[in-house]
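Reading through the structure tokens given below for one structure.
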Amino acid sequence: MTDWTHGYNIEQGYTYGVYRELAPDWMDVCAMLAGFAVPSEGAQGQLRYLELGCGQGFGLALIASAYPQIEFVGVDFSPEHIAHARGLAHAAGLDNVRFVEADFLDLARDWPPELGRFDYAVLHGIYSWVPPELRHAIVGCLGHALVSGGLAYVSYNSMPGWAAMQPFQHIAARLQTKSALPGAQVLNQAVSLFQRLKTGKAALFDALPGLGSRIDALQELSPAYLVQEYLHDNWHPLWFSEVAGEMRGAKLDFVASATLPENLLPAMLAEPMRTTVGEIADPMAQQDVIDCAINQSFRRDLLARGRRRRFAAAPGAADLIVEALARPAGDTVAIKTSFGEFTLKEQIYGPVFDALQDGPRRIAELLARDDHANVLQGLILLAHGGHVAILKEGVRDFAPAQRFNRACAGAVLTGAPYSYVAAPAIGSALALRDVDLMLIGLRDEGVARDALVPRLLESLDRLGRRLLRDGRPVEGDEAQRLATELVDDVIANRLPAWQRLGVVS
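This is the structure in structure tokens:
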């Protein structure tokens, strides 16, 4: 492995994911709900946003397309990633984002004046996968980059939730050092080995009861993700207090979790756990104990360079906007969180969606009920579950996002692995099926409604792919019927929603 990788496995390139928590509105909402001011309050000039370790740049380009009023910069050490990112931004005609190939160690030593300073700085999937000296450099970069009042987002594998998987990661990484096989095959060997250990009733599985199910679950995940997750020279799940302590080197203090429901802790813990945690006075120790209570395995921390508490009468969370995305179909809806599954009854969410059926509403309007605490808790859970969006009020320009979506849809028709589109009305992204993106691409090409079915089948055939029904490839008349069903569903049901959210015109 070459020195410039710092032990970070680049064998498969990074994935083309999008993480909603990195969107400026999402970060602002989390901070505002926690009672803190956000970068736009008191900002001088255009807001600026930096991603350290932007990977393929897909997520950053998507977010940039939804926020044309903000200037974005992505930094990554991989020339392959930067080349892809620049090509995508050019194809989408984005003029508010640029990508820079650079190393964190170099940037920490000598921050280029032309990079300037930023109101937001984010890094996802990096901090617990690099050696301590590189973590120190990242903190240095954040110190150089963030303005006073700026927000940082840092995600990382956390303790104690990863304790069970440490033996697997250790063995998988050791197997790789002795093998010339690709990383995905090494991981298959490691999974097979641990399954045999489980079958043989190895004592490890008694000591770590959750290990077996997590090994089984690895088979459902993509090889690219697994290589990125497990096969680095450095793999260091961290305690919250460790990260918070290191971030003090950049004058950063914890503000909130970007995982919305976690900001309801410890209040949503069952007794006596709630009282036990609530009695801990030290904030950092309390977060560590909360993580023990829920066996936290992944944290998304928001930190500020200069926390600013809101004054009681200042505009704040009550002025945020709520928009309906997907009303639950039944009498209840289950929302999964890192600390359990919660069931919301129709009597909680029903009035919310009734109020939203004519358009977005301010949180203050939705809270104008006697049980406003339950309503706010319900809104946070519904936003986490993707049923509503909570965002800041403002005029939004859909055109850049629609250009980005056209570029992505056209690329999917040629085989690109993209699976998200920008939804500028909510300042975020939507996950779509590949056939959805193909149909958007064909529609952009001007293909008539009655020609969509044959053109969709032709496009799939050109890529050597087949439609699936219940996981089974279909051909001939059955493929024709399924393609017709898909097109009818998109035109009747999905397209109007996409248009409302600004995905397409």
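Numbering (UniProt numbering), first residue to last: 1 to 505. Here a beta-carbon is modelled for each residue, glycine too, at the ideal position from N, C-alpha and C. Quantities reported herein were computed from a predicted structural model and do not represent experimental measurements.
Pull the bridge partners of residue i from the DSSP assignment, please.
i: LYS336; result: GLU341
i: GLY74; result: GLU51, PHE99
i: LEU468; result: PRO473
i: ASP301; result: VAL154, SER257
i: ALA429; result: ALA422
i: ILE321; result: ARG362, LEU391
i: VAL122; result: GLU51, TYR153
i: PHE36; result: ARG309
i: LEU146; result: PHE118
i: LEU238; result: SER158
What do you reckon, are the CB atoms on residue i and residue j nearer than 7 Å?
i: ALA429; j: TYR420; result: yes
i: CYS141; j: ALA108; result: yes
i: ALA258; j: ARG300; result: yes
i: VAL412; j: LEU439; result: no
i: TYR156; j: VAL122; result: no
i: PHE398; j: GLY316; result: no
i: ALA285; j: ASP253; result: no
i: ALA92; j: PHE404; result: yes
i: GLY212; j: LYS201; result: no
i: ALA355; j: ARG361; result: yes
i: PHE339; j: LEU381; result: no
i: PHE58; j: TYR120; result: no
i: ASP28; j: GLY427; result: no
i: PRO266; j: SER128; result: no
i: GLN287; j: TYR230; result: no
i: VAL139; j: GLU246; result: yes
i: ALA102; j: VAL130; result: no
i: ARG432; j: ILE321; result: First, the amino acid is wrong: residue 432 is Leu here, not Arg. Not in contact: LEU432 and ILE321 (Cβ atoms no closer than 7 Å).
i: GLY97; j: PHE118; result: It should be pointed out that residue 97 corresponds to Val in this sequence rather than to Gly. Result no, Cβ atoms of VAL97 and PHE118 do not sit closer than 7 Å.
Just tell me which of the options has its CA closest to the CA of residue i.
i: PHE99; options: PHE342, HIS84, ASP288; result: HIS84
i: GLU51; options: GLU133, GLY35, VAL18; result: VAL18
i: residue 507; options: THR15, GLU21, LEU88, TYR67; result: It is not possible to answer for residue 507, since the shown part of the chain is limited to 1 through 505.
i: LEU193; options: PRO182, TYR349, ARG465, ALA172; result: ALA172
i: ALA203; options: VAL191, ALA217, PRO167, TRP235; result: PRO167
i: ARG481; options: PRO454, LYS336, PRO24, TRP235; result: PRO454
i: GLY210; options: TRP239, ALA184, PRO160, TRP235; result: PRO160
i: ASN374; options: ILE363, GLY359, LEU382, ILE348; result: ILE348
i: LEU146; options: LEU320, TRP111, ARG433, LEU442; result: TRP111
i: GLY476; options: ASP461, PHE118, PHE353; result: ASP461
i: PRO39; options: ALA451, GLU220, ILE70; result: ILE70
i: ASP331; options: PHE353, VAL322, ALA324; result: PHE353
i: ALA293; options: ARG274, PRO283, GLU279; result: ARG274
i: ALA422; options: GLN499, VAL243, VAL435; result: GLN499
i: TRP239; options: SER158, VAL277, LEU366; result: SER158
i: VAL504; options: GLY464, GLY441, MET268, GLU478; result: GLY441
Thinking residue i and residue j are a contact (beta carbons under 8 Å), I'd like their distance in whole angstroms, please.
i: VAL255; j: ARG174; result: About 39 Å separates the two Cβ atoms, so there is no contact after all.
i: ALA164; j: ARG214; result: 6 Å
i: ALA383; j: ALA318; result: About 15 Å; that fails the 8 Å criterion.
i: HIS90; j: GLN56; result: So it is not a contact: roughly 14 Å between Cβ atoms.
Measure the alpha-carbon distance for residue i versus residue j and round it to whole angstroms.
i: GLN12; j: VAL186; result: Here the model assigns GLN12 a pLDDT of 48, short of 50, so the residue's position is not dependable, and the following value carries that caveat. Going by the C-alpha atoms only, they are around 13 Å apart.
i: GLN357; j: PRO272; result: 40 Å
i: ILE491; j: LEU456; result: 14 Å
i: ARG469; j: LEU105; result: 50 Å
i: GLN44; j: PRO182; result: 49 Å
i: ARG406; j: ALA389; result: 23 Å
i: LEU344; j: GLN176; result: 46 Å
i: PRO261; j: PRO223; result: 30 Å
i: PRO417; j: ASP444; result: 19 Å
i: ALA401; j: LEU264; result: 33 Å
i: ILE63; j: ARG135; result: 25 Å
i: ARG327; j: GLN189; result: 44 Å
i: ARG248; j: HIS144; result: 13 Å
i: ILE10; j: GLN228; result: Because the pLDDT at ILE10 is just 49, under 50, the model does not fix this residue reliably, and the value given afterwards should be weighed accordingly. Spanning the two alpha carbons is a distance of roughly 8 Å.
i: LEU486; j: LEU452; result: 10 Å
i: ALA217; j: VAL191; result: 10 Å
i: ILE290; j: LEU94; result: 42 Å
i: SER241; j: ASN234; result: 20 Å
i: ALA184; j: PRO132; result: 26 Å
i: TYR225; j: GLY125; result: 11 Å
i: SER78; j: LEU88; result: 16 Å
i: ARG458; j: ALA250; result: Position check: residue 458 holds Glu in this sequence, whereas Arg was assumed. Roughly 54 Å separates the two Cα atoms.
i: THR2; j: ARG86; result: Since pLDDT at THR2 reaches only 48, below the 50 mark, its modelled position is unreliable, and the value read off the structure follows with that caveat. Distance between the alpha carbons of THR2 and ARG86: 24 Å.
i: ARG472; j: ALA324; result: 34 Å
i: LEU467; j: GLY415; result: 15 Å
i: GLN296; j: LEU208; result: 15 Å
i: ARG449; j: VAL474; result: 22 Å
i: VAL447; j: GLY394; result: 34 Å
i: TRP4; j: ASP488; result: Bear in mind that a pLDDT of 49 at TRP4, under 50, signals an unreliable position, so the number given afterwards is only what the model happens to contain. Approximately 50 Å, taken between the alpha carbons.
Chain C beta carbons: is any one of them nearer than 7 Å to that of residue i?
i: GLY210; result: Considering every chain present, this structure includes no chain C. It has just one protein chain.
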